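Colleague:
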Amino acid sequence: MGLSGTVVRRIKWLSDGILVDGRRVNTRYVPQLGEVLSVRLSDPERRSGIAPSSGPLDIVYEDPDLLVLNKASGVAVHPGPGHYNDTIGNFLLYYYDSKGEEGDFHPVHRLDRGTSGLMVVARHPHAQEVLKRQLHTSDFRRTYLAVCEGTLEPAFGMVDAPLGPKEGSLVEQCVRPDGKSARTRYETIQKAGNYSLLRLELDTGRTHQIRVHLAWLGHPLVGDFLYGKECLEVIRRPALHSAELSFRHPITGERLSFSQPLPEDMAALLPGYLPVPRDPF
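The opening residue of the sequence shown carries number 10 in this note's numbering; numbering runs sequentially from there.
#1: Check whether the Cβ atoms of R132 and V86 lie closer than 7 Å to each other.
#2: Excluding the 5 residues flanking P174 on each side, which residues of the same chain have their C-beta closer than 7 Å to its C-beta?
#3: Counting pairs of beta carbons, one from the stretch 181-196 and one from the stretch 251-271, are three or more of them closer than 8 Å?
#4: So what does DSSP say about S125, is it helix, strand or coil?
#5: Does the count of Cβ pairs from the stretch 88-96 and the stretch 70-79 closer than 8 Å reach three?
#6: Between V231 and E158, how many whole angstroms is the CB-CB distance? I'm expecting something under 8 Å.
#7: If I follow the unbroken alpha helix (DSSP H) through S299, where does it start and stop?
#8: Measure how close the beta-carbons of S82 and S125 come, nearest whole angstrom, since I'm counting them as under 8 Å.
#9: Let me make sure I understand the geometry here. Which of A60, S57, K189, R150 has the alpha-carbon closest to that of H217?
#10: Is the Cβ-Cβ distance between G123 and P247 less than 7 Å?
#11: Tell me which same chain residues have a C-beta within less than 7 Å of the C-beta of T160, skipping the five on either side of it?
#12: For V48, which of helix, strand or coil comes out of DSSP?
#13: List in chain order: all unbroken alpha helix (DSSP H) runs of 4+ residues lying wholly within the stretch 198-256.
#14: For G166, collect the residues of the same chain with a Cβ closer than 7 Å to its Cβ; drop the 5 residues on either side in sequence, then sort them by chain order.
#15: Flag this pair as yes or no: are the beta carbons of Y103 and S57 separated by less than 7 Å?
#16: Which residues in the same chain as R150 place their Cβ atom closer than 6 Å to its Cβ, once the five residues preceding and following it in sequence are excluded?
#17: Are there 16 or more other CB atoms within 10 angstroms of the CB of G214, so buried, or fewer, so exposed?
#18: Reducing DSSP to helix, strand and coil, say where P289 ends up.
#19: Hey, N99 and A60 are a contact pair by Cβ (cut 8 Å); roughly how many whole angstroms apart?
#20: Nearest to R208 by CA position, among L249, S178, V117, F114, is which residue?
#21: Once the 5 residues before and after S268 are set aside, which same chain residues still bring their CB inside 7 Å of it?
#22: Out of G202, G227, V130, D106, which has the shortest C-alpha to C-alpha gap to P163?
#23: Please state the DSSP three-state secondary structure of G98.
#24: How many angstroms separate the CA atom of E138 from the CA atom of D121?
#25: Within 10 angstroms of its Cβ, does G237 collect 16 or more other Cβ (buried), or is it exposed?
What follows is the structure in structure tokens.
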């Protein structure tokens with residue numbers, strides 16, 4: 010099954026963690042031909058410390074190993090200062106409780122609070138570890154739609170600029186030669202007045218990667234108060250949407266692909282907006 014040492018150490022102490030034909034065995038046991046091996050992957054207890062709290066969840070896909078969510082803008086993924094009970098983590102644990110199911114919060118990746126769109130959450134630690142190993146491989150693809158200021162020249166290309174923390178800031182990132190490798194592919198889909206609609210695909214997944222790369226090019230996201238300028242009269246958050254998500258199922262290996270259309274607040278920035286043709290890269 011490819012279980013990690015962390016997962017094995019957790020389940021080997023459970024009375025039903027590793028069973029052969031319904032009886033408990035230790036990790037040294039070698040199953041014989043015809044015996045049925047059962048391994049408990051779900052969480053019998055919650056270690057995250059997140060409090061369940063009722064809130065909206067837009068579930069695009071669900072199975073015993075993972076969920077794919079369409080996150081609304083303005084909702085944080087993890088609890089933190091000012092948002093301890095109104096995050097995806099809180100809402101998801103409440104959802105599990107409402108169904109009488111076990112499970113803790115096992116996010117595979119994150120979206121900024123202002124970013125809308127698709128994200129995947131594992132149902133158990135093994136699925137989380139397998140999916141996280143995919144994150145920086147070609148098996149895991151994330152495609153975003155963004156509205157930026159101005160017009161990029163050339164209209165398509167790759168930004169290859171390392172990112173790291175900005176000195177003097179606890180939040181901001183910046184392009185810096187000693188930063189971590191960061192690559193963003195982009196293509197201009199539509200121009201509308203002073204704005205451009207971009208399709209972007211991440212080769213890496215650094216904090217604020219798209220936001221910093223576009224600002225570094227001189228074309229920050231519309232509404233990006235941190236790396237550009239606030240535009241409350243046109244949009245109340247950075248104009249960034251996780252539009253497509255594709256990965257291999259952590260247990261079956263099947264490729265799963267999902268898409269979500271541009272949300273209304275971003276489409277309103279683009280008079281005459283038409284749905285984006287798929288997969289230009």
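Every residue gets a Cβ at the ideal spot worked out from N, C-alpha and C, and that includes glycine.
Quick caveat, the model's predicted, so the values are computed rather than measured.
Modeller: Per the coordinate set shown:
#1: No. Outside cutoff.
#2: Excluding positions up to five away in sequence, the list reads Q182.
#3: Because the criterion of three Cβ pairs below 8 Å is not met, the stretch 181-196 and the stretch 251-271 do not touch.
#4: strand
#5: no
#6: That belief holds up - the Cβ atoms of V231 and E158 are roughly 6 Å apart, short of 8 Å.
#7: No answer is possible for residue 299: it lies beyond the span of the chain, which begins at 10 and ends at 290.
#8: 4 Å
#9: K189
#10: yes
#11: K200, S205
#12: strand
#13: As far as the stretch 198-256 is concerned, its whole alpha helix (DSSP H) runs of at least 4 residues are 218-225.
#14: Y195
#15: no
#16: S255
#17: Classification for G214: exposed.
#18: Caution applies to P289, whose pLDDT of 48 falls short of 50 and renders its modelled position unreliable; the value that the coordinates give is listed next. It is coil, neither helix nor strand.
#19: Contact between N99 and A60 holds: CB atoms are separated by about 6 Å, below the 8 Å threshold.
#20: L249
#21: A252, E253
#22: G227
#23: It is helical.
#24: 21 Å
#25: buried
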